[in-house]
Amino acid sequence: MTKGVRFLRFVVLAMSLTGLLTTAVAFLGDWHWYADLVAQLRPQYCVWLGFAALGALALKYRRALIVAAAGLLANGAALAPYALPWQDAADMPTRGRAWSFVSMNLLQGNSEVAKVTEYLRRVQADVVVFQEVSPRWAASLEELSDLYPHRFIEPRKDQFGLALFSREKPVEVATHAVGHRAGDLALFAGFESEGRRFGLAGVHPDKPDEEWKTRNRRTYFEQIAKWCAAKAASNEPVVVIGDFNATPWSASMKSFTRSTGLRNTSQGVIFGATWNVWQPHRLLIDHAFLSSEWALAERQVGQAVGSDHRPLLIRAALRP
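Numbering (our numbering), first residue to last: 79 to 398.
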């Protein structure tokens with residue numbers, strides 16, 4: 079065996095072992111915040127282990143192949159429930175009108191105002207929920223006043239400013255603190271659709287890159303879940319949309335899904351990342367959740383608009 083072949087076998091085995099190790103750590107997200115952070119990258123681990131397995135096959139390196147295959151199987155089992163396509167009963171009618179919603183993280187430093195406004199004028203969404211709304215962005219978005227006569231804007235100098243633009247007047251709209259800090263805001267609104275009211279929550283919790291932020295995000299999700307429970311008790315359909323800073327297979331998002339009973343419109347999507355536009359560690363962290371009263375007609379990730387996030391568009395109609 080030549081030195082070159084030995085080196086390649088070493089590389090393939092290292093790839094297999096690191097892939098299997100990170101895969102194993104990712105299963106511990108309920109017990110430690112860092113493990114939950116590691117779990118965000120499960121699709122990337124599949125790609126990494128897939129290359130390792132191909133390399134092991136080419137080199138006829140059985141040990142590395144077994145390790146890589148174990149990691150692939152474990153990741154596949156973890157991701158399989160999220161790969162199943164969204165399903166609605168075909169024979170269940172809707173109430174007629176379809177509503178379109180957009181979530182858009184603007185990125186405070188984004189200077190591409192024209193790209194943002196062009197996208198929104200093209201898709202003509204009924205409701206737009208913005209994150210990272212700075213005072214500069216609040217002024218720039220006034221350009222859309224002809225399309226969106228109803229605008230609620232709470233700009234911030236940090237990254238947690240929120241706004242809601244709508245073509246129809248909301249019954250109510252406000253922001254409330256939902257985390258440990260007074261600045262941890264969520265946006266809550268109510269709309270009427272053909273005589274029926276529905277609630278909307280626009281969210282943007284902390285990114286979980288530190289332990290206290292992960293705890294804070296957990297509290298944030300718990301408060302949103304309580305709001306959803308209150309709406310469910312009054313038979314009011316809901317939409318929860320925004321930048322969740324979490325992938326569907328992370329422990330925090332699995333807990334949120336279980337506690338609310340809502341369906342994630344990202345169901346069936348594994349590699350359709352919404353962040354980051356430029357970097358290889360791309361993640362599916364922008365979501366729209368619907369209560370069972372909604373039938374999903376379309377989910378679409380938009381083009382780059384200068385932000386590090388791509389906009390998320392959904393179209394849905396209420397059932398009778």
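Backbone N, C-alpha and C fix where the C-beta goes; we use that ideal spot for every residue, glycine too.
Quick check on residue 232: does DSSP put it in helix, strand or coil?
strand
Which residues bound the beta strand (DSSP E) around residue 378?
372 to 379
How should residue 388 be labelled, buried or exposed, when 16 other C-beta atoms within 10 angstroms of its C-beta is the threshold for buried?
buried
To the nearest angstrom, report how far apart residue 378 and residue 391 are at their CA atoms.
5 Å
Keeping to the same chain, check which residues put their C-beta closer than 7 Å to that of residue 342; ignore five residues upstream and five downstream.
326, 335, 365, 367
Use the C-beta contact count for residue 88: other C-beta atoms within 10 angstroms, 16 or more gives buried, fewer gives exposed.
exposed
Does DSSP classify residue 270 as helix, strand or coil?
strand
For my contact list, residue 149 and residue 127 are in at a C-beta cut-off of 8 Å; report their separation, rounded to the angstrom.
Right, their Cβ atoms sit about 4 Å apart.
Who are the Cβ neighbours of residue 152 in its own chain at under 7 Å, not counting the five residues just before and after it?
101
Please say whether residue 375 and residue 397 have beta carbons closer to each other than 8 Å?
no
Please report the straight-line C-alpha distance between residue 233 and residue 282, rounded to a whole angstrom.
13 Å
Which residues in the same chain have their Cβ closer than 8 Å to the Cβ of residue 271, if we skip the five residues on either side of it in sequence?
173, 175, 177, 396
Just the C-alpha distance for residue 110 and residue 220, rounded to the nearest angstrom, thanks.
43 Å
Do residue 184 and residue 209 have their CB atoms nearer than 8 Å?
yes
Could I get the ranges of all uninterrupted beta strand (DSSP E) runs contained in the region 176 to 221, with 3 residues as the minimum, in chain order?
176 to 183, 205 to 209
Expressed to the nearest angstrom, what Euclidean distance is found between the alpha-carbon atoms of residue 348 and residue 158?
Rounded to whole angstroms, the gap between the alpha carbons of residue 348 and residue 158 is 9 Å.
Assuming residue 370 and residue 114 are in contact, meaning their beta carbons sit under 8 Å apart, how far apart are those beta carbons, in whole angstroms?
Their Cβ separation, rounded to whole angstroms, is 27 Å, which puts residue 370 and residue 114 out of contact at 8 Å.
Could you tell me the distance, in whole angstroms, from the CA atom of residue 285 to the CA atom of residue 323?
5 Å
Considering only residues of the same chain and omitting the five flanking positions on each side of residue 298, which have a CB-CB separation below 8 Å?
256, 257, 262, 264, 281, 283, 284
Taking the alpha-carbon positions, what's the residue 85 to residue 91 distance?
10 Å
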